[in-house]
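Remarks on the structure that follows.
Residue numbers (our numbering): -6 to 95.
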(Lines of atoms letter the chains of each structure in order from A and count residues from 1; the text may use other names and numbers.)
(Lines give C-alpha, C1' and ligand atoms only; values in the text may rest on other atoms or scores of the structure.)
Protein backbone atom coordinates (compact mmCIF):
# COMPACT_ATOMS: atom_id res chain seq x y z
CA UNK A 1 0.00 0.00 0.00
CA UNK A 2 1.29 3.44 -0.90
CA UNK A 3 2.23 5.91 1.82
CA UNK A 4 -0.40 8.34 0.54
CA UNK A 5 -3.03 5.74 1.44
CA UNK A 6 -2.75 5.55 5.22
CA UNK A 7 -5.80 4.29 7.10
CA UNK A 8 -7.86 6.25 9.59
CA UNK A 9 -8.72 3.62 12.18
CA UNK A 10 -12.43 3.43 12.84
CA UNK A 11 -13.26 5.48 9.73
CA UNK A 12 -11.47 3.60 6.99
CA UNK A 13 -9.81 0.26 7.68
CA UNK A 14 -6.41 -0.77 6.26
CA UNK A 15 -7.66 -3.88 4.44
CA UNK A 16 -10.34 -1.82 2.67
CA UNK A 17 -7.78 0.75 1.52
CA UNK A 18 -5.51 -2.04 0.30
CA UNK A 19 -8.43 -3.52 -1.67
CA UNK A 20 -9.17 -0.13 -3.27
CA UNK A 21 -5.52 0.49 -4.07
CA UNK A 22 -5.11 -2.92 -5.75
CA UNK A 23 -8.42 -2.62 -7.62
CA UNK A 24 -7.64 0.77 -9.09
CA UNK A 25 -4.09 -0.26 -10.03
CA UNK A 26 -5.50 -3.32 -11.83
CA UNK A 27 -8.05 -1.17 -13.61
CA UNK A 28 -5.31 1.27 -14.68
CA UNK A 29 -3.33 -1.65 -16.13
CA UNK A 30 -6.39 -2.85 -18.03
CA UNK A 31 -6.95 0.63 -19.46
CA UNK A 32 -3.30 0.79 -20.55
CA UNK A 33 -3.85 -2.50 -22.41
CA UNK A 34 -6.94 -1.10 -24.14
CA UNK A 35 -9.47 -3.08 -22.11
CA UNK A 36 -12.71 -1.25 -21.31
CA UNK A 37 -13.77 -1.22 -17.67
CA UNK A 38 -17.15 -2.91 -17.49
CA UNK A 39 -20.19 -1.83 -15.55
CA UNK A 40 -20.16 -5.15 -13.64
CA UNK A 41 -16.71 -4.33 -12.20
CA UNK A 42 -17.90 -0.87 -11.17
CA UNK A 43 -21.07 -2.32 -9.60
CA UNK A 44 -19.02 -4.87 -7.66
CA UNK A 45 -16.78 -2.12 -6.29
CA UNK A 46 -19.79 0.04 -5.43
CA UNK A 47 -21.34 -2.82 -3.44
CA UNK A 48 -18.07 -3.38 -1.58
CA UNK A 49 -17.77 0.34 -0.75
CA UNK A 50 -21.34 0.37 0.56
CA UNK A 51 -20.63 -2.66 2.76
CA UNK A 52 -17.43 -1.11 4.11
CA UNK A 53 -19.33 2.08 4.87
CA UNK A 54 -21.90 0.12 6.88
CA UNK A 55 -19.17 -1.78 8.75
CA UNK A 56 -17.05 1.28 9.60
CA UNK A 57 -17.25 2.24 13.25
CA UNK A 58 -17.83 5.95 12.56
CA UNK A 59 -18.91 5.67 8.95
CA UNK A 60 -17.63 7.62 6.00
CA UNK A 61 -19.05 9.11 2.84
CA UNK A 62 -18.02 7.82 -0.57
CA UNK A 63 -18.63 9.71 -3.81
CA UNK A 64 -18.18 7.89 -7.12
CA UNK A 65 -18.14 9.68 -10.46
CA UNK A 66 -17.84 8.62 -14.04
CA UNK A 67 -16.99 11.60 -16.21
CA UNK A 68 -14.51 12.82 -18.82
CA UNK A 69 -11.27 14.51 -17.76
CA UNK A 70 -9.74 17.64 -19.35
CA UNK A 71 -8.59 15.62 -22.38
CA UNK A 72 -12.00 14.01 -22.94
CA UNK A 73 -10.91 10.60 -21.60
CA UNK A 74 -13.62 8.90 -19.55
CA UNK A 75 -12.55 8.32 -15.94
CA UNK A 76 -14.04 6.55 -12.95
CA UNK A 77 -13.24 8.31 -9.67
CA UNK A 78 -13.93 7.33 -6.07
CA UNK A 79 -13.47 9.88 -3.30
CA UNK A 80 -13.83 9.04 0.38
CA UNK A 81 -14.72 11.71 2.92
CA UNK A 82 -14.89 11.58 6.72
CA UNK A 83 -18.64 12.31 6.73
CA UNK A 84 -21.43 13.81 4.65
CA UNK A 85 -20.66 17.38 5.77
CA UNK A 86 -17.05 17.00 4.66
CA UNK A 87 -18.20 16.36 1.08
CA UNK A 88 -19.39 19.97 0.94
CA UNK A 89 -16.48 21.60 2.77
CA UNK A 90 -13.30 19.50 2.81
CA UNK A 91 -11.00 17.74 0.36
CA UNK A 92 -11.41 13.95 0.24
CA UNK A 93 -9.43 11.79 2.66
CA UNK A 94 -8.72 9.35 -0.18
CA UNK A 95 -8.97 9.75 -3.93
CA UNK A 96 -8.80 6.89 -6.44
CA UNK A 97 -9.17 7.30 -10.20
CA UNK A 98 -8.71 5.28 -13.34
CA UNK A 99 -9.24 5.88 -17.04
CA UNK A 100 -11.97 3.92 -18.75
CA UNK A 101 -10.78 2.83 -22.17
CA UNK A 102 -13.19 3.61 -24.99
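Glycine is no exception: its CB is placed at the ideal position from the N, C-alpha and C atoms. Because the structure is a prediction, the values reported are computed rather than measured.
Asked	Found
Which stretch, first to last residue, makes up the beta strand (DSSP E) that contains residue 59?	54 to 61
For the candidate residues 24, 76 and 85, whose alpha-carbon lies nearest to that of residue 51?	76
Return the chain-ordered list of same chain residues with a C-beta closer than 7 Å to the C-beta of residue -6, the five sequence neighbours on each side being excluded.	A caution first: residue -6 carries a pLDDT of 49, below 50, which makes its placement in the model unreliable, though a value can still be read off. So the qualifying residues of the chain are 10, 11 and 14.
Looking only at its own chain, which residues have a Cβ that is under 8 Å from the Cβ of residue 74, when we skip the five neighbours before and after it?	53, 54, 55, 56, 80, 83, 85 and 86
Comparing alpha-carbon positions, which option in 21, 72, 94 and 48 lies nearest residue 66?	94
Can you tell me whether DSSP reads residue 84 as helix, strand or coil?	coil
Taking Cβ to Cβ, would you say residue 69 is nearer than 7 Å to residue 91?	yes
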